Ligand code: SF4
Ligand code: SF4
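Numbering (this note's numbering), first residue to last: 2 to 506.
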């Protein structure tokens with residue numbers, strides 16, 4: 002056993018902050034902590050030590066918020082947020098617009114029925130939340146996700162999307178189970194016309210089984226119809242979001258990637274989410290369910306016959322030198338994807354006709370980061386000419402020229418959301434973010450979080466502290482009793498599936 006470092010974590014029983022140790026054993030990385038009351042806890046942190054070390058080298062600091070909303074009082078994670086100690090600004094903002102849902106997934110404890118109250122901010126409260134987010138300095142978040150519950154159960158969702166657009170959010174996504182999208186193409190068009198950029202579609206696999214286990218029903222027909230309707234409504238950048246649970250759908254990683262490639266005209270990204278384990282679950286069951294980022298990378302390689310190798314993946318903060326570089330050229334502030342390197346990884350597949358290859362066949366990512374980093378240092382020391390020369394020589398050495406002129410040049414020269422979007426449309430992003438649970442919680446990670454919930458009390462709260470600690474207290478401040486006449490009933494999944502199947506005959 003080799004100690005890697007000290008950090009802080011939570012006791013999964015009483016949620017107190019505890020000193021914790023991250024260590025290597027048998028080629029894997031674990032986290033361990035001891036609660037004076039509830040004893041020792043250890044859990045798998047990253048399933049491959051070599052990948053852990055490789056990812057750590059890509060750590061990059063981002064810009065703190067100039068205008069935190071809370072004070073440093075009780076210490077992390079009780080001061081969320083955003084408190085003055087937090088190390089990243091908001092990149093993706095999330096607003097839960099309801100806790101009502103038209104499903105009752107066995108893996109979810111958040112819907113109104115299970116919570117025992119209704120949480121549904123009013124339209125004016127949501128406007129206030131958005132204005133608060135837009136006030137972030139030095140940079141406002143460009144991307145907003147409406148989440149829940151199931152956001153499509155709110156009839157005013159299109160109005161909320163339009164409001165977000167009017168307030169300056171460029172990229173607006175809807176986190177959905179896809180039922181309403183599967184019901185009608187007109188509904189999808191309403192979302193598109195209101196200004197929605199994409200749908201973050203829960204998609205657990207390409208066979209009925211994972212849906213039956215995780216969601217309680219076979220939802221596959223509904224997911225496929227939702228995709229078709231979204232495409233017909235003009236969406237071309239849907240994100241498929243599989244929650245990966247050990248023994249449930251870990252054998253479907255390759256099939257999900259192939260499904261995304263086959264549906265490239267509507268799917269732009271697969272964002273695998275290794276399950277975050279909530280509730281009291283014994284160690285043996287946790288070990289069966291637990292999937293970590295390197296496990297996913299290995300499964301992707303094995304199940305795509307090596308199309309995507311483990312070395313093709315890079316941690317999220319890999320993007321920081323590139324956005325800095327575009328910022329220098331355009332003399333503007335850009336967001337920094339400065340999350341912790343062990344929070345998420347991604348790679349791109351470049352698709353030209355029937356040819357599908359990882360982006361590493363087109364450029365040397367490590368070499369390019371180094372030369373872009375050198376160029377940034379020269380810009381920052383005031384030597385623009387030397388910075389430009391260094392960037393040009395770095396690109397010549399590390400990028401195939403045809404790739405550069407086709408995909409990267411517009412991003413560097415225009416630096417616009419549209420040029421980034423064009424780049425995205427020639428590629429399929431395969432990404433992963435492993436949200437934390439109390440068993441593997443690492444305060445170092447959450448202090449760099451760039452995915453932030455915003456709430457009606459004026460707070461902006463990192464995603465993983467919200468889910469592990471703050472959700473119930475925040476929602477209860479605004480909770481209303483559940484009116485059975487208003488609460489959304491369980492959807493008749495079987496009837497919609499039958500209707501779709503009959504239409505398809
Ligand atoms: S997670 Fe961030 S915002 Fe919350 S208390 Fe810790 S440093 Fe502050
Ligand atoms: S949401 Fe959780 S996993 Fe993602 S960046 Fe924030 S702390 Fe990391």
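Here a beta-carbon is modelled for each residue, glycine too, at the ideal position from N, C-alpha and C.
All values derive from a computational prediction rather than experimental measurement.
- The beta carbon of residue 84 sits closer than 7 angstroms to at least one heavy atom of ligand 1.
- With respect to the C-alpha of residue 279, the residue from 303, 246, 271 having the closest C-alpha is 246.
- The bridge partners DSSP lists for residue 172 are 144.
- In this structure, the straight-line span from the alpha carbon of residue 446 to that of residue 500 is close to 46 angstroms.
- Beyond the five residues adjoining it in sequence on each side, residue 345 comes within less than 8 angstroms, by CB distance, of 294, 316, 317, 432, 433, 434, 435 in the same chain, given in chain order.
- Taking the CA atoms as reference points, residue 243 sits about 10 angstroms from residue 201.
- Taken atom to atom, the span from the alpha-carbon of residue 8 to that of residue 442 is near 10 angstroms.
- If you look at residue 91, you'll find it isn't in any beta strand (DSSP E); DSSP assigns it neither H nor E.
- Under the three-state reduction of DSSP, residue 386 is assigned to helix.
- Within the model, the alpha-carbon separation for residue 234 versus residue 58 is close to 42 angstroms.
- Distance from the CA of residue 488 to the CA of residue 132, rounded to the nearest whole angstrom, comes to 28 angstroms.
- Scanning the segment 323-371 for uninterrupted beta strand (DSSP E) segments of 3 residues or longer gives 345-353, 356-359, listed from N- to C-terminal end.
- Annotation: residue 358 to residue 270 spans about 15 angstroms, alpha carbon to alpha carbon.
- Within the segment 210-262, the complete alpha helix (DSSP H) segments at least 4 residues long are 221-233, listed from N- to C-terminus.
- A straight-line Cα-Cα distance of about 10 angstroms links residue 199 and residue 267.
- The criterion of a C-beta distance shorter than 8 angstroms is not satisfied by residue 130 and residue 161.
- Looking at 25, 309, 212, the one whose alpha-carbon comes closest to that of residue 258 is 309.
- Between residue 64 and residue 139 a beta carbon distance of about 6 angstroms is seen, short of the 8 angstroms cut, so the two are scored as contacting.
- Around the CB of residue 52, 16 or more other CB atoms lie within 10 Å, so the residue is classed as buried.
- Taking C-alpha positions only, residue 30 is separated from residue 303 by approximately 21 angstroms.
- Beta-bridge partners assigned by DSSP to residue 97: 148.
- 8 angstroms or more divides the Cβ of residue 100 from the Cβ of residue 147.
- Secondary structure note for residue 71: it is in no beta strand (DSSP E), with a DSSP letter that is neither H nor E.
- In this structure, DSSP gives residue 22 an extended state, which the three-state scheme calls strand.
- In the three-state reduction of the DSSP assignment, residue 434 falls in the strand class, which pools E and B.
- For residue 391, the closest C-alpha among the options 211, 375, 382 is that of 375.
- Take the alpha-carbon of residue 397 and the one of residue 320: they are about 19 angstroms apart.
- With respect to the C-alpha of residue 21, the residue from 27, 28, 6 having the closest C-alpha is 6.
- Under the 8 angstroms Cβ criterion, the segment 452-469 does not count as touching the segment 31-42, having fewer than three qualifying pairs.
- DSSP places residue 188 in the helix class (H, G or I) of the three-state scheme.
- Within a 10 Å sphere around the beta-carbon of residue 82 sit 16 or more other beta-carbons, which makes this residue buried.
- Of the residues assessed, residue 505 falls on the exposed side of the cut-off, its CB having fewer than 16 other CB atoms within 10 angstroms.
- Of the heavy atoms belonging to ligand 2, at least one sits nearer than 7 angstroms to the Cβ of residue 341.
- Sixteen is the threshold: when 16 or more other Cβ atoms of the shown chains lie within 10 Å of the Cβ of residue 276, as they do, the residue is buried.
- At a Cβ-Cβ threshold of 8 angstroms, residue 215 and residue 108 count as neighbours.
- Counting only runs that start and end inside the segment 442-468, the beta strand (DSSP E) elements of at least 3 residues fall at 452-455, 461-463.
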